[in-house]
Amino acid sequence: MNRPDKDLADFLSPLHPGFGRYAARQSRYELACQDALEKHLSQCLGSQLNIPRPLPAVTGVLRISTQHRFRYYQNVCTQSYSTVWWDWPRWEQEIDWMALNGINLPLAFNGQEALWQEVYLSLGLNQTDIDHFFTGPGFLAWNRMGNLFQWGGPLPQSWHTKQLYLQYKIVDRMRALGMMPVLPAFSGNVPQAITRLFPKANVTKLNPWSHFNCSYSCAYILDPRDPLFQRIGALFLSQLVKQFGTDHIYNTDTFNEMTPASPDPSYLTAVSRSVFATMTSVDPKAIWLMQGWLFVHDVDFWKPAQIQALLHGVPIGRMIVLDLFAESTPAFSSTQSFYGQPFIWCMLHNFGGNSGLFGTVESINMGPFEALRYPNSTLVGLGMAPEGIEQNPVVYELMSELAWRKEPVNLGKWVSLYAARRYGSTNENLTRAWKLLFRSVYNCTVPHYKNHNHSPLVHRPSLRMPTDVWYDRSDLYEAWRLLYEVAQPLVSVETFRHDLVDVTRQALQLLTTEFYREIRDSYQSQKLPELLTAGGVLVYDLLPELDRLLSSESHFLLGAWLEQAHSLALTEQEVQQYDLNARNQITLWGPVGNILDYASKEWGGLMEDYYSQRWSLFVNTLVECLDRGWPFRQEAFNKAVFQVEKGFVFNQRKYPSKPEGDTYDIANRIFLKYYPQALKRLN
């Protein structure tokens, strides 16, 4: 191809989704490339490879195009919640999936700590200073954003080496497929030792972040107007470009969930101007890609004058803002299209990598086109920015396809074709099931709703837990029945098996809420027999059955998550450190449950040894309180249950990393036992 390098990304990126669209159109088959679409962000979440031989010929011309210059992917938090333990084969699979979906602007953040270590050593810091600064692998996203230091650390030197070489492969593969990797830049977050070595530097110690105290929070932020900021930022970016090359787009977020030192517009303009100057001092073509999360996270601070001041510190067109939560809380419409700066309409969708069916398909389907029609719109792309991935693949396939559409899709027709492709079957039950799911659990219309999985199942038990859901439970139960009825002939299809487990899991999650209501109400009305019955069913049957179901499917295994973490370790000490990082993040999220259950997962092993143990203690405590005439005291229970939670983090138990048990047999037993119970509780 005799094309200039600068045009290569524009030339290549439409080719891959064109191939994917060809695959999607071929009858009911989910071909190899379409399989990659279905594998969204996961260890596939199932594959369906009933491929015709030879491949069907293309009849006529299949032409697709996009109105969007950029198709962005990832979130700075994804690097910790999902990709933290990935090896190169898993990354290669993900990058191929990106290409087949036309993504051309992905984050590439691996290995940066190795370069930061070199920068800080060159400034005079010692290794102890640096070890005190970096968190462990499971929490690096928040270290990079200036929220945390040291927790879960220090980082072993082997980590730096492995991640550095992984990054070489990642950016090479991305560029080979026509993408522009987004590299990190300096935000001002520095080790405390900077204040010792540069006592005159303008460094501010921040307040604690998100229920942490200053043992691991209260970061030190170097004022971007200080000359030292330019020095450090240029040192880092020079190293970065030297090692990985550049496509001239850099991400940094100066005030992520942190309040600026002053609301004065002149201060905010000076800050953004200085941050951008560190980029252009190394790369005159630099473009700053900034998450717009701060504008919706702290609306009390970020008024129009403050937003405009921050954005206008950078020349118009040299910053791109990610409207990060646009499907729920768009910022472009309240900022006059970010006051002239280009922006990307992003679907955030998931917080913390939580398990649980969820979507806002109507909003996703309409939102990008509303942004295009907005007066004087500066929209330049669409993006997917989930905090965690490997869940709800249907939502991501829909979102990625919209970048190649000129108008919203017919959701009913679209999901019918999706079901046929996903399973290689046109069985009417599948179509009906997915239409029910799309009108219920995948169509949340509650304003500003955040997908944190609010189910009592995955939260520390109390007598004051929310029990409402945003959808009609009967639709979910009917979809469950429809999938169950065709399960026997289809359970050998990996995509179907995954979805059968996922929908059954969601049904049992709903039933857990029902049993919780009965437990709570029977305690409050002092009906001990009813409490014993509801609590006994939940603790001794439903939750064990759910654990067995999850343990039968490869995409719902705690052991797989831990095995990935262990595989990156070179010593037994590193194995133990990575194990603690992996366990703590999905449970306590901090030393004392600081962000408890934020990153909850419904996995086999975790259900048995963490969630079920908490519920057992809760039920037993309530029974004892009724039996002895004591009041239930939440504070005392929290202290007791913390020992259970902490015990899981440190138990060092080995969990299976491969499925165990027959999925159909377990799902069949659960359905026959609990479907009637579900219908009974609808009345």
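The opening residue of the sequence shown carries number -8 in the working numbering; numbering runs sequentially from there.
Where is the CB? At the ideal position from N, CA and C, for every residue including glycine.
Inter-residue spacing [alpha-carbon to alpha-carbon] between residue i and residue j
{"i": "E353", "j": "Q65", "result": "22 Å"}
{"i": "L553", "j": "P218", "result": "44 Å"}
{"i": "F342", "j": "V52", "result": "41 Å"}
{"i": "W293", "j": "H59", "result": "28 Å"}
{"i": "L587", "j": "V75", "result": "20 Å"}
{"i": "Q25", "j": "D532", "result": "A caution first: Q25 carries a pLDDT of 39, below 50, which makes its placement in the model too unreliable to give a value."}
{"i": "Q332", "j": "H288", "result": "20 Å"}
{"i": "I661", "j": "V583", "result": "35 Å"}
{"i": "K196", "j": "E651", "result": "50 Å"}
{"i": "V273", "j": "K233", "result": "11 Å"}
{"i": "H202", "j": "N418", "result": "50 Å"}
{"i": "Y602", "j": "Y156", "result": "38 Å"}
{"i": "S648", "j": "W594", "result": "11 Å"}
{"i": "P275", "j": "F267", "result": "10 Å"}
{"i": "Y665", "j": "D459", "result": "20 Å"}
{"i": "T722", "j": "S73", "result": "The structure shown does not extend to residue 722, since the chain is modelled only from -8 to 674, so the question has no answer here."}
{"i": "V406", "j": "P256", "result": "47 Å"}
{"i": "L285", "j": "F323", "result": "13 Å"}
{"i": "K30", "j": "A176", "result": "Because K30 sits at a pLDDT of 39, beneath the cut-off of 50, its placement in the model cannot be relied upon, and the point is left open."}
{"i": "I577", "j": "Y589", "result": "7 Å"}
{"i": "A498", "j": "R605", "result": "20 Å"}
{"i": "T50", "j": "E83", "result": "32 Å"}
{"i": "K397", "j": "F61", "result": "15 Å"}
{"i": "A277", "j": "L228", "result": "11 Å"}
{"i": "W675", "j": "P128", "result": "Absent from the model: residue 675. The displayed extent of the chain is -8 to 674, so no value can be given."}
{"i": "P251", "j": "W133", "result": "17 Å"}
{"i": "Y655", "j": "N444", "result": "26 Å"}
{"i": "N247", "j": "G179", "result": "12 Å"}
{"i": "T126", "j": "G143", "result": "5 Å"}
Where the beta strand (DSSP E) through residue i begins and ends
{"i": "W279", "result": "278 to 282"}
{"i": "D512", "result": "Segment 485 to 515 is the alpha helix (DSSP H) holding D512; no beta strand (DSSP E) there."}
{"i": "R62", "result": "61 to 64"}
{"i": "M249", "result": "Careful: M249 lies outside any beta strand (DSSP E) and carries neither H nor E."}
{"i": "N242", "result": "240 to 242"}
{"i": "V528", "result": "That residue, V528, is in no beta strand (DSSP E); its alpha helix (DSSP H) goes 519 to 528."}
{"i": "I335", "result": "334 to 338"}
Residue i: first and last residue of the uninterrupted alpha helix (DSSP H) it sits in
{"i": "G675", "result": "No information on residue 675 is available, as it lies outside the stretch -8 to 674 that the chain covers here."}
{"i": "R677", "result": "Residue 677 lies beyond the stretch modelled for the chain, which goes from -8 to 674, so this question has no answer here."}
{"i": "L467", "result": "464 to 476"}
{"i": "W133", "result": "131 to 135"}
{"i": "L313", "result": "Note, L313: premise wrong, no alpha helix (DSSP H); beta strand (DSSP E) at 310 to 314."}
{"i": "F329", "result": "327 to 330"}
{"i": "T69", "result": "69 to 72"}
{"i": "K671", "result": "654 to 671"}
{"i": "D588", "result": "Taken as a continuous stretch (DSSP letters only), D588 belongs to no alpha helix (DSSP H), as it is neither H nor E."}
{"i": "Q643", "result": "No alpha helix (DSSP H) holds Q643; DSSP gives it neither H nor E."}
{"i": "Q141", "result": "Looking at the DSSP string, Q141 is not in any alpha helix (DSSP H), and its letter there is neither H nor E."}
{"i": "T260", "result": "256 to 273"}
{"i": "I55", "result": "Here I55 belongs to no alpha helix (DSSP H), and DSSP marks it neither H nor E."}
{"i": "T119", "result": "118 to 124"}
{"i": "S113", "result": "103 to 113"}
{"i": "V302", "result": "According to the sequence as given, residue 302 is Leu; it is not Val. Note, L302: alpha helix (DSSP H), 295 to 302."}
Residue burial classification, residue i (beta-carbon count within 10 angstroms, cutoff 16)
{"i": "W581", "result": "Contrary to the premise, residue 581 reads as Gly rather than Trp in this sequence. Buried, by the Cβ-count rule."}
{"i": "G638", "result": "exposed"}
{"i": "G403", "result": "exposed"}
{"i": "Y159", "result": "exposed"}
{"i": "T369", "result": "buried"}
{"i": "N674", "result": "exposed"}
{"i": "I307", "result": "exposed"}
{"i": "C35", "result": "Note that C35 has pLDDT 46, beneath the 50 cutoff, so the model's placement of it is unreliable and the number below is only indicative. It counts as buried."}
{"i": "F641", "result": "exposed"}
{"i": "S71", "result": "buried"}
{"i": "H439", "result": "exposed"}
{"i": "A401", "result": "This sequence places Asn at residue 401; Ala is not what is there. Result: exposed."}
Ranges of the alpha helix (DSSP H) found wholly within the segment 166 to 232, counting only runs of at least 4 | 185 to 188
Cβ contact (3+ pairs, closer than 8 Å) linking the segment 460 to 478 and the segment 372 to 380 = no
What residue ranges within the segment 356 to 434 form continuous alpha helix (DSSP H) runs of no fewer than 4 residues, ordered along the chain?
-> 384 to 393, 402 to 414, 419 to 430
The segment 355 to 365 / the segment 298 to 318 touching (three or more Cβ pairs under 8 Å) = yes
Taking one C-beta from the segment 249 to 267 and one from the segment 215 to 234 each time, how about it: are there three or more such pairs within less than 8 Å?
-> yes
Determine contact between the segment 504 to 524 and the segment 554 to 571, defined as no fewer than three beta-carbon pairs at a distance below 8 Å.
-> no
Determine, using beta-carbon pairs with one atom in the segment 541 to 548 and one in the segment 515 to 525, whether at least three such pairs fall under 8 Å.
-> no
Quick check: the segment 451 to 469 against the segment 622 to 638, are there 3 or more CB pairs under 8 Å?
-> yes
Just list the alpha helix (DSSP H) runs in the segment 528 to 564, keeping only unbroken ones of 4 residues or longer that don't cross its boundaries, in chain order.
-> 534 to 542, 549 to 558
Touching by the beta-carbon criterion (3+ pairs, under 8 Å), the segment 99 to 111 and the segment 146 to 154 = yes
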